[in-house]
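Q: Here it is: the structure, laid out below.
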Amino acid sequence: MAIERRPLREQIKDEILERLGRGEFAPDQPINEMSLAAELGVSRTPLREALIGLEREGIIVSERGKGFRFAPMSPGEFHDLTTIVAALESLALELTDPGHLRSVAPRLLEEARAFSVPEAEYEVIERYDDAWHDLMLSGCPNERLMDLITSLKLTMHRYERVVVGDREVLERSAQEHERIAERLVAGDVPGAVVALKANWMSGKDRIIKRLEA
Numbered sequence: 030m031a032i033e034r035r036p037l038r039e040q041i042k043d044e045i046l047e048r049l050g051r052g053e054f055a056p057d058q059p060i061n062e063m064s065l066a067a068e069l070g071v072s073r074t075p076l077r078e079a080l081i082g083l084e085r086e087g088i089i090v091s092e093r094g095k096g097f098r099f100a101p102m103s104p105g106e107f108h109d110l111t112t113i114v115a116a117l118e119s120l121a122l123e124l125t126d127p128g129h130l131r132s133v134a135p136r137l138l139e140e141a142r143a144f145s146v147p148e149a150e151y152e153v154i155e156r157y158d159d160a161w162h163d164l165m166l167s168g169c170p171n172e173r174l175m176d177l178i179t180s181l182k183l184t185m186h187r188y189e190r191v192v193v194g195d196r197e198v199l200e201r202s203a204q205e206h207e208r209i210a211e212r213l214v215a216g217d218v219p220g221a222v223v224a225l226k227a228n229w230m231s232g233k234d235r236i237i238k239r240l241e242a
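So, in structure tokens, the structure goes:
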């Protein structure tokens, strides 16, 4: 793991979240701290600090005498995660300078229209959706807010990858991103926020149906 000029516990936390988003850890899987520390090339102290931070976020759980394990998954938690991310992305959009939104809106609309297929492999959808939302929120000045959104979305990807799988074809609403971009092109940020929340809620419903099945 590459060392950066950030607290080591934060780097470890990000690495675990990345692996979680790639589906490398199973729900309710115990965490062998000694093995994971050796794999990451770190000592157990910063690893434990990172795990405690992830426990505060509900991503892992601990039991007295049994150590840490990844939290089990449930439709209720995915519903809560989606609701939170929808609210936070809406806030990030509202905090972004209108001039910046006007500058990226034409590209957002162009890319939304280019990727208009009603179904695609989950891996393709995830990569496109992440890049599109990142571009839309690229002007948000609140870095802590954006870090929180990124962290929560990685946890959501864990759900999606376990339930769907990278190569499975998944239904999507191809028009939702177009509606958001059209509102931004028109300079209607409140309308774009409404469309953004609708985008998250429809995606949530599609995944929850699979979780419940």
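Residue numbers (the numbering used here): 30 to 242.
Where a beta carbon is used, it is the ideal one built from N, C-alpha and C, also for glycine.
(1) Can you list, in chain order, the residues of its chain with a C-beta nearer than 6 Å to that of Ile32? Leave out the 5 residues immediately preceding and following it.
(2) With DSSP run on the structure shown, which of helix, strand or coil describes Arg218?
(3) By a C-beta neighbour count over all protein chains shown, 10 Å radius and 16 as the cutoff for buried, is Met63 buried or exposed?
(4) Using the C-alpha atoms, what's the distance from Glu197 back to Leu46?
(5) How would you call Arg212, buried or exposed, if buried means at least 16 neighbouring beta carbons within 10 angstroms?
(6) Are Leu246 and Ala79 touching if we call contact CB-CB under 7 Å?
(7) Just checking my contact of Ala149 with Arg73 at CB under 8 Å: how many whole Å lie between their CB atoms?
(8) So what does DSSP say about Arg77, is it helix, strand or coil?
(9) Between the C-alpha atoms of Arg187 and Ala121, what's the straight-line distance to the nearest angstrom?
(10) In chain order, which alpha helix (DSSP H) runs of at least 4 residues are fully inside the region 124 to 176?
A: Based on what the coordinates show:
(1) Counted from its first residue, the sequence shown places residue 32 at position 3. In this predicted model, Ile32 has a pLDDT of only 48, less than 50, meaning its place in the structure is not dependable enough to derive any value.
(2) Along the sequence shown, read from residue 1 onward, the residue named residue 218 stands at position 189. It is worth fixing the name first, because residue 218 is Val in this sequence and not Arg. Helix, per DSSP.
(3) In the sequence shown, the residue the question calls residue 63 occupies position 34. Exposed, since its Cβ has fewer than 16 Cβ neighbours within 10 Å.
(4) The residue given as residue 46 occupies position 17 in the sequence shown. The residue given as residue 197 occupies position 168 in the sequence shown. Whole-angstrom Cα-Cα distance: 22 Å.
(5) Here residue 212 refers to the residue found at position 183 when the sequence shown is read from its first residue. Buried, by the Cβ-count rule.
(6) Since the first and last residues shown for the chain are 30 and 242, residue 246 lies out of range.
(7) For the purposes of this step, residue 149 is identified with residue 120 of the sequence shown, where counting begins at 1. For the purposes of this step, residue 73 is identified with residue 44 of the sequence shown, where counting begins at 1. That belief does not hold up - the Cβ atoms of Ala149 and Arg73 are roughly 42 Å apart, past 8 Å.
(8) The count along the sequence shown starts at 1 and reaches residue 77 at position 48. Three-state DSSP puts Arg77 in a helix.
(9) For the purposes of this step, residue 187 is identified with residue 158 of the sequence shown, where counting begins at 1. For the purposes of this step, residue 121 is identified with residue 92 of the sequence shown, where counting begins at 1. Roughly 23 Å separates the two Cα atoms.
(10) At a cut-off of 4 residues, the continuous stretches assigned as alpha helix (DSSP H) that sit fully inside the region 124 to 176 are 127 to 143 and 151 to 165.
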